[in-house]
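Heads up: the structure comes next, in structure tokens.
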Amino acid sequence: MDWERNGPVWLFEAPFRRLIEASREIAAGHPRLNLRPLHTAFHLGEDFIHLLSGLREIYEPFAWRLSRGGDRIGHALALGVSPSAWSERNPWIRMRPWDRILDIGFVYWFFDKFGLRLDAGEVERMRLDARRVIENLFGTQEPDPLETARNIWCALPQARWEDAKNGSEHEARVNRARSFVARILDERAVGRRALSSSLSIQTKLELPMLEAVHDFVHDRIAKARVAIEVNPSSNLLVGGFRSIFEQPVFHTDKLPIILNADDPLTFGTTLADDYAYAWAGMVLGSGQSPDQATRRLEEAARCSLRYTFTSSLERRTLQAHGDLREDAATEAGAARRRGP
Ligand SMILES: [Zn+2]
76 MDWERNGPVW LFEAPFRRLI EASREIAAGH PRLNLRPLHT AFHLGEDFIH LLSGLREIYE
136 PFAWRLSRGG DRIGHALALG VSPSAWSERN PWIRMRPWDR ILDIGFVYWF FDKFGLRLDA
196 GEVERMRLDA RRVIENLFGT QEPDPLETAR NIWCALPQAR WEDAKNGSEH EARVNRARSF
256 VARILDERAV GRRALSSSLS IQTKLELPML EAVHDFVHDR IAKARVAIEV NPSSNLLVGG
316 FRSIFEQPVF HTDKLPIILN ADDPLTFGTT LADDYAYAWA GMVLGSGQSP DQATRRLEEA
376 ARCSLRYTFT SSLERRTLQA HGDLREDAAT EAGAARRRGP
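Heads up: the sequence shown begins at 76 in my numbering, then just goes up one per residue.
Spelled out as structure tokens, the structure:
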């Protein structure tokens with residue numbers, strides 16, 4: 076698995092879940108050790124082809140209960156991009172039929188379960204698209220291709236999840252959807268067709284649907300009380316931005332934001348460097364005043380403390396010493412001194 080698109084969360088969902096559940100059991104079984112169950116930080120939604128795939132990937136750990144309050148999501152660039160700006164920059168894209176089925180299944184699940192606002196024309200277009208892709212990949216004609224796409228997306232995780240219902244009809248649908256997933260993994264010719272970028276999409280036609288999904292995912296992530304880890308230098312390299320100033324996070328502030336150096340060895344950076352880049356990005360790129368930028372970085376540092384994964388004892392010690400606050404203030408101050 077060389078990059079995120081080839082190693083999606085659903086492939087690793089079962090071992091992740093076992094780890095998280097085991098850590099909860101251990102913490103509950105040894106109260107005197109004051110252990111915190113494992114928290115997760117999924118790095119997602121940074122190198123998507125279709126914005127919809129990026130939003131879906133960000134949402135999946137929530138739908139599958141791998142992420143919960145107090146956890147972190149890294150990058151999440153799909154959340155910070157405005158759908159209209161994205162569509163203008165990417166009027167036509169070529170994507171993989173497999174991602175298209177999952178994206179349509181995800182949108183239809185939102186539409187069906189939460190009443191996502193889509194007009195009849197949009198739903199019809201998705202239905203035609205799903206029919207075409209499913210027929211092309213699996214050679215079957217589905218009576219309701221939207222439902223089939225939804226069932227395939229819902230059948231990805233091994234665990235039964237919030238949508239799971241008892242009953243033989245439901246079991247039969249899940250088993251049938253799982254057989255499609257198995258064919259992607261086991262049949263070489265099907266897998267190859269599914270993962271070749273052969274599908275052309277005109278993104279402008281989907282703009283209203285994209286906007287509705289974007290708002291919905293943003294809203295639900297905000298309610299879930301997870302922090303977004305912003306990795307300024309790593310985002311610049313993997314996110315396809317022309318400059319550090321372009322990163323959407325410097326222009327929006329609706330979600331709890333923390334700064335992170337991602338993988339310091341790979342990206343040749345440190346946390347202090349990334350604070351400095353963020354400060355410069357805000358002041359030079361989005362016209363905020365130096366004081367505004369410093370305040371936002373101080374808020375990010377406080378947020379890091381709230382979303383730290385250390386034990387409550389260590390957290391209290393850090394708060395008592397004010398370590399992170401002082402560090403952040405120093406780093407932001409250093410950035411200001413290095414600034415223009
Ligand atoms: Zn990352």
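Even for Gly, the Cβ is constructed at its ideal location relative to N, Cα and C. From a predicted model like this one, the values you see are computed outputs, not experimental measurements.
Where does V301 fall in DSSP's three states? coil
Bounding residues of the alpha helix (DSSP H) (the contiguous stretch that carries Q367): P365 to R381
Jot down the residue ranges of each uninterrupted beta strand (DSSP E) in the stretch 115 to 188, minimum 3 residues, whole runs only, in chain order. 116 to 119, 147 to 150 and 167 to 170
I need the straight-line Cα distance from L221 to M284, nearest angstrom please. 15 Å
Does DSSP classify L212 as helix, strand or coil? helix
Between N335 and G149, which are expected to be in contact by the criterion C-beta below 8 Å, what is the C-beta distance as a whole number of angstroms? 7 Å
What number of angstroms, rounded off, separates the C-alpha of A252 from the C-alpha of F316? 37 Å
Does the distance between the C-beta of S309 and the nearest non-hydrogen atom of ligand 1 fall short of 7 Å? yes
Closer than 7 Å to a non-hydrogen atom of ligand 2 - does that hold for the CB of G343? With respect to ligand 2, the structure offers nothing, as its ligand set consists of ligand 1.
Spatial distance of E286 from Q277 (CA atoms): 15 Å
Applying the criterion that 16 or more other CB atoms from any shown protein chain within 10 Å of the CB defines a buried residue, is I417 buried or exposed? The shown model of the chain, from 76 to 415, leaves out residue 417, and the question about it has no answer.
Is L86 helix, strand or coil when you go by DSSP? helix
Cβ pair W85, E135 closer than 8 Å: yes
Pair within 8 Å by beta-carbon distance, S142 and F117: yes
Integer Cβ distance of G356 from Q322, believed to fall under 8 Å: 6 Å
Taking 7 Å as the cut-off, is the beta-carbon of G149 closer than that to any non-hydrogen atom of ligand 1? yes
Closer than 7 Å: H118 CB and nearest ligand 1 heavy atom: yes
Going by the beta-carbon positions, is the gap between I124 and M170 smaller than 8 Å? yes
Just to confirm my understanding: we take R258, look at its own chain, exclude 5 residues before and 5 after, and list those with CB closer than 7 Å. What are they? F213 and V265
How would you label G414, buried or exposed, when you count the other beta carbons within 10 angstroms and need 16 or more for buried? Annotation note: pLDDT 36 at G414 (below 50); position unreliable, coordinate value reported separately. Exposed.
Whether or not the stretch 298 to 311 and the stretch 348 to 355 are in contact is what I'm after, with contact meaning three or more pairs of Cβ atoms, one per stretch, closer than 8 Å; do they touch? yes
Have a look at T392, R202, N211 and P232 and flag the residue whose alpha-carbon is nearest the alpha-carbon of P90. P232
Taking the straight line between their C-alpha atoms, what separation do you get for G180 and S364? 44 Å
Following a CB-centred definition, is G306 positioned closer than 7 Å to any heavy atom of ligand 1? One point to set straight first is that residue 306 is Asn, not Gly, in the sequence displayed. Indeed, a heavy atom of ligand 1 lies less than 7 Å from the Cβ.
Name the residue from T383, D187 and T223 whose alpha carbon lies nearest to the alpha carbon of V288. D187
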